[in-house]
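For the sequence shown, position 142 (counting from the first letter as 1) is numbered 142 according to UniProt numbering, and the numbering increases by one without interruption.
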Amino acid sequence: MIVSRINKTKGSNIEKGFSLIILTIVIVSILLTFNSNPFSNRLDAHDSSMFLYFGKGMSEGMVPYKDIFDHKGVVLFFIQYLASIVGFGNIFIGIFVIQAVFLVVAIIYLYKIGILLTKSYTVSSLILLISTGLFAELYEGGNLSEEYALTFIAISLFYFIKEIMADSLKNHTYFFLGLMGGLVFFMRMNMISLWAVFCIGIAIREMMTKNYKVLAKKALLIFLGGIFVVAIAFSYSIITDSFSEMIYQTFTLNLEYSSVTFSERISSFRFFFELFSVYGMPLISAFMLAVYFIRSKYLTKSQRTIILSILISLILNFFTIILSGRNYRHYATTGIPFLLAAQFIVVSFYSTKLSKKNNLLAICTVVIFMVPAFVPTVAERINNVVRKDMPIFQQEQLDIADYINKNSSENDVIYVHAIDANIYLHANRFSNSQFFVLPSLNYEEFPDLKDQFIHSMENNPPKFIVISKNSYLSDNPNNTRLNKVVIDKIQSNYIQIGKFDKNYYLFELNL
1 MIVSRINKTK GSNIEKGFSL IILTIVIVSI LLTFNSNPFS NRLDAHDSSM FLYFGKGMSE
61 GMVPYKDIFD HKGVVLFFIQ YLASIVGFGN IFIGIFVIQA VFLVVAIIYL YKIGILLTKS
121 YTVSSLILLI STGLFAELYE GGNLSEEYAL TFIAISLFYF IKEIMADSLK NHTYFFLGLM
181 GGLVFFMRMN MISLWAVFCI GIAIREMMTK NYKVLAKKAL LIFLGGIFVV AIAFSYSIIT
241 DSFSEMIYQT FTLNLEYSSV TFSERISSFR FFFELFSVYG MPLISAFMLA VYFIRSKYLT
301 KSQRTIILSI LISLILNFFT IILSGRNYRH YATTGIPFLL AAQFIVVSFY STKLSKKNNL
361 LAICTVVIFM VPAFVPTVAE RINNVVRKDM PIFQQEQLDI ADYINKNSSE NDVIYVHAID
421 ANIYLHANRF SNSQFFVLPS LNYEEFPDLK DQFIHSMENN PPKFIVISKN SYLSDNPNNT
481 RLNKVVIDKI QSNYIQIGKF DKNYYLFELN L
């Protein structure tokens, strides 16, 4: 008996050690796909550069929404500000550290979800391994709002599943779940499908059992966690005199940003359906639905609840992704925890029918067959990030930033029109107004924003203006993206710096 226990413990330790190695491979592989990694020879992607500008601006005393315009939530900007602190002023180092921490925590909790659902360390880690390509594809270089939301979603999903299994959690955990939901809400409000589904599920369960006092306690604690984040966000905006700007940009503008045509949503639906189909979402969802209805009598109450909750969350999250009608892959990142949980459930259904040895053999066979699917995606992304030759357009951005840095003072302001924020960051200069990078809007439909932009160009003209060559040379420029306003301003008050003419034009104020 003692020998048996020793062998069992030894086997468990070996399995845990093997899983730890697999998880390390997963984490390192994903980290190497980040544009911010130390071996990268790429500038930050469009949105990432904008967020870094927020962090850098906040470290210099700027106020989100008041001094810097964007429709993302304030939590995201404080993450960027934290990167500036962690990097001791070098936000590029700091953001990689922050990303690494968020990724490690996310992987750990996704792994713990796997253990809850499969009862196997090895199976959980191997499923994460074959999902590495999904992370690499959807992260799109990293430092995007969905990446950070995924961590909070993974943590919360773990505790929601535990709640269903155990029927209860410690009081502070319910508060913590509300806190996580509040943090995600103040990154982007359409990413809280997890909390909507599971909170309603908990409420239905407690009402069916007539545990009204328990329901009231759980609801109150979750609410207090969420309202705690709301109170901090609102207090900060009131103290910094940016409350009205925050409400408009975070909520009103976000809703207007999502106002697209039905055909655009259909196009987005097709795009993301095809994307998720590659990773088996329709097949897995159909299987889970079949198990729920066909094998329902063989499942425990908690198993049925978990299957139904994950399935609804997966579908609801999918529809929140297509709300904006924009085909950006990183929007789908928030679906990763639900898709992985669904995979864990499917595997656990089969694993109960096999011995431990055969179960491991089966999952290893799946991994071997999946290698051609996920390894090329990860390898291609890593190669794209660490390759020696920087893309020509990015090198030109660095050259322009260097020129601006050498031919202006730190107090001078510049304007980079409808490109990204990399030139600001590498020139160590700020924009002449809050409109440092114009959000993707039709400004003919937002006359107030258009007037504010024109006013800023007239009252605080930038020393340098950078505009893409295609935008400047376009026939009949209009003000959908304020191209005509900028071009007219350039032609009346600026002279061109002739050494830059490949992808971008640089103009200097003619004093």
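Glycine is no exception: its CB is placed at the ideal position from the N, C-alpha and C atoms.
Euclidean distance between Cα positions of residue i and residue j
i: Leu31; j: Ile336; result: 17 Å
i: Val184; j: Asn510; result: 46 Å
i: Arg5; j: Ser12; result: Because the pLDDT of Arg5 is 46, which lies under 50, any placement of that residue in the model is unreliable, and the number read from its coordinates should be weighed accordingly. Each residue's alpha carbon lies about 10 Å from the other.
i: Phe88; j: Gln99; result: 16 Å
i: Ile192; j: Phe446; result: 28 Å
i: Ile155; j: Asn432; result: 40 Å
i: Ser19; j: Tyr121; result: 6 Å
i: Glu146; j: His330; result: 7 Å
i: Tyr212; j: Asp167; result: 14 Å
i: Tyr328; j: Thr209; result: 43 Å
i: Asn460; j: Phe78; result: 27 Å
i: Phe507; j: Gln496; result: 4 Å
i: Asn7; j: Glu274; result: The pLDDT assigned to Asn7 is 48, lower than 50, so where the model puts this residue is not dependable; a value taken from the coordinates is nonetheless given after this. Cα-Cα distance, rounded: 47 Å.
i: Ile404; j: Leu117; result: 55 Å
i: Gly57; j: Val63; result: 8 Å
i: Ser474; j: Ala332; result: 33 Å
i: Ser131; j: Tyr279; result: 8 Å
i: Ser468; j: Tyr505; result: 6 Å
i: Lys406; j: Arg326; result: 39 Å
i: Leu169; j: Ser125; result: 26 Å
i: Pro282; j: Glu137; result: 19 Å
i: Phe39; j: Asn384; result: 11 Å
i: Met50; j: Val105; result: 25 Å
i: Ile14; j: Val347; result: 21 Å
i: Thr173; j: Leu224; result: 12 Å
i: Ala427; j: Val386; result: 23 Å
Under 8 Å between C-beta atoms of residue i and residue j
i: Ile345; j: Ile307; result: yes
i: Ile108; j: Ser36; result: no
i: Phe198; j: Ser268; result: no
i: Met246; j: Val74; result: yes
i: Pro439; j: Asp70; result: yes
i: Thr320; j: Ala149; result: no
i: Ala216; j: Phe186; result: no
i: Phe102; j: Thr33; result: no
i: Ile322; j: Phe272; result: yes
i: Arg381; j: Ser408; result: no
i: Ser59; j: Ser29; result: no
i: Phe436; j: Ala421; result: yes
i: Lys489; j: Ile414; result: no
i: Gln394; j: Leu43; result: yes
i: Tyr494; j: Ile465; result: yes
i: Phe175; j: Leu221; result: yes
i: Ala219; j: Ala196; result: no
i: Gly141; j: Thr377; result: no
i: Ile239; j: Leu194; result: no
i: residue 549; j: Tyr443; result: Residue 549 falls outside the range modelled here, since the chain spans only 1 to 511, and no answer is possible.
Nonlocal neighbours in the same chain, by C-beta distance under 6 Å from residue i, ignoring five residues either side
i: Pro477; result: Asn483, Lys484 and Ile487
i: Met390; result: Asn41
i: Val214; result: Glu206
i: Asp412; result: Lys463
i: Glu163; result: Leu169
Neighbourhood of residue i by C-beta distance below 8 Å, restricted to the same chain and skipping five residues each side
i: Gly498; result: none
i: Leu128; result: Ile22, Leu23, Val26, Ile107, Leu110, Tyr111, Gly114 and Leu340
i: Met1; result: Confidence at Met1 is low in this model, with a pLDDT of 44, below 50, so the placement of that residue is unreliable and no value is reported for it.
i: Met165; result: Leu116, Ser302 and Ile306
Contacts around residue i, its chain only, beta-carbon distance under 7 Å, and the 5 residues preceding and following it disregarded
i: Gln343; result: Ile127 and Ile284
i: residue 515; result: Beyond the ends of the chain as shown, which are 1 and 511, falls residue 515; an answer cannot be given.
i: Asp451; result: none
i: Leu253; result: His71
Residue i beta carbon near the ligand ATP (any heavy atom closer than 7 Å)
i: Asn422; result: Here there are no bound small molecules, and the ligand ATP is not part of this structure.
Handout entry: Cβ contact (3+ pairs, closer than 8 Å) linking the region 222-235 and the region 171-182
Key = yes
Problem - Sufficient close CB pairs (3 or more, under 8 Å) joining the region 144-163 to the region 400-420 - result: no
Problem - Contiguous alpha helix (DSSP H) assignments of at least 4 residues, all confined to the region 236-309 - result: 243-247, 253-257, 262-278 and 281-294
Exercise for the section: Enumerate, from N- to C-terminal direction, the unbroken beta strand (DSSP E) stretches of 3 or more residues contained entirely within the region 420-500. Expected result: 464-468 and 494-497
Exercise for the section: Could I get the ranges of all uninterrupted alpha helix (DSSP H) runs contained in the region 56-95, with 4 residues as the minimum, in chain order? Expected result: 74-86
Problem - Within the region 120-207, ranges of the alpha helix (DSSP H) (whole runs, at least 4 residues) - result: 121-130, 132-139, 145-166 and 171-185
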